[in-house]
Amino acid sequence: MKTVQDFLDGEVLLVDKPLEWTSFQVVNKIRWNIRQAFNLKKIKVGHAGTLDPLATGLLVICTGKMTKQIDTFQGQIKTYTGTLVLGSTTPSYDLETAIDQTFPTTHITADLIHNATSKFIGEIDQFPPIFSALKKQGKRLYEFARAGEEVKIDSRKVTINEFKILAIKSTEVDFSVTCSKGTYIRSLAHDFGKALESGAHLTALRRTKIGDFNVEEAVSIDEFISSLE
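The numbering used here numbers the first residue of the sequence shown as 1 and each following residue consecutively.
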């Protein structure tokens, strides 16, 4: 069992983020429970890379002195599995918003889908989604989006190390991606639809790895809380 000194000296916790939780909510829950368990007034707790509320999977959470390592962990290669649906888009590029456009898919074959992944391997220019927490002019991009305001979004260079198609079921495509820090898998799904001369949006996403950390070694929030008791 961990002691108060363990958490203050610094722990790296691997947590499997549940669906619909924000990364910030997970950090708050972990911090609150550590404080309650050890009667602490304060303790530093932070995460090494945000996951969208509609994504699940690996969150690397650092406590105490290990929070100084957050930037190092954030910079490591990440791996995701996910599902995208061809033939329609949403403003958020995922299920946060409703479908706004539909596109033909009858021309899309399995070979076309597999071959299109090669267009995204290596360093690419990617535009983050307007529904994202990135800041511009002191505001989060999603604040502009929800207010119906237009804002110019600059592209950024990201690296896709691997992009594999795992299964194709009609217009539903399961995939895995290994990529650099700062990659938006929602944007990748959106751009993938364009590459197929159609549209696409993300319907499921799970982060499985950050560097050498694996979600298989992660615990649920409830399991972590139980370990404190």
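For every residue, glycine included, the Cβ atom is placed at its ideal position computed from N, Cα and C. These figures come from a predicted structure and were not determined experimentally.
Distance between beta carbons of residue j and residue i, contact taken as under 8 Å
i, j, result
"Q101", "G199", "6 Å"
"H114", "I165", "5 Å"
"G182", "Q76", "Their Cβ separation, rounded to whole angstroms, is 12 Å, which puts G182 and Q76 out of contact at 8 Å."
"K78", "A195", "That belief does not hold up - the Cβ atoms of K78 and A195 are roughly 22 Å apart, past 8 Å."
"L205", "I34", "Between I34 and L205 the Cβ distance is about 28 Å, and since that is not below 8 Å, they are no contact."
"V4", "F38", "4 Å"
Classification of residue i by the beta-carbon crowding that lies within 10 angstroms, buried from 16 upward
i, result
"I231", "Limits of the chain in this structure are 1 at one end and 229 at the other, which puts residue 231 out of reach."
"V151", "exposed"
"M1", "exposed"
"S41", "For the sequence presented, residue 41 should be read as Lys rather than Ser. So K41 ends up on the exposed side."
"T109", "exposed"
"F192", "buried"
"F224", "buried"
Other residues of its chain near residue i: CB distance less than 8 Å, five sequence neighbours each side excluded
i, result
"L95", "L54, H201, L202, T203"
"T90", "E96, T97, A98, I99, D100, H201"
According to DSSP, residues forming a beta bridge with residue i
i, result
"I160", "G122, C179"
"H47", "I61"
"L202", "L84"
"R207", "G57, Y80"
Neighbourhood of residue i by C-beta, 7 Å cutoff - its chain only, sequence neighbours within 5 removed
i, result
"T159", "G122, E123, C179, S180"
"W21", "P53"
"E217", "L14"
Check: residue i C-beta below 7 Å from any heavy atom of the ligand ZN
i, result
"V4", "Within the structure as shown, the ligand ZN is missing, as the structure has no ligands at all."
Residues near residue i by beta carbon distance below 6 Å, same chain, minus five either side
i, result
"K209", "T79"
"G49", "Q74"
"R31", "V45"
Exercise. Which parts of the stretch 70 to 158 are runs of the alpha helix (DSSP H), unbroken and 4 residues or longer, counting only runs that do not cross its ends?
Worked result: 70 to 74, 110 to 116, 141 to 146
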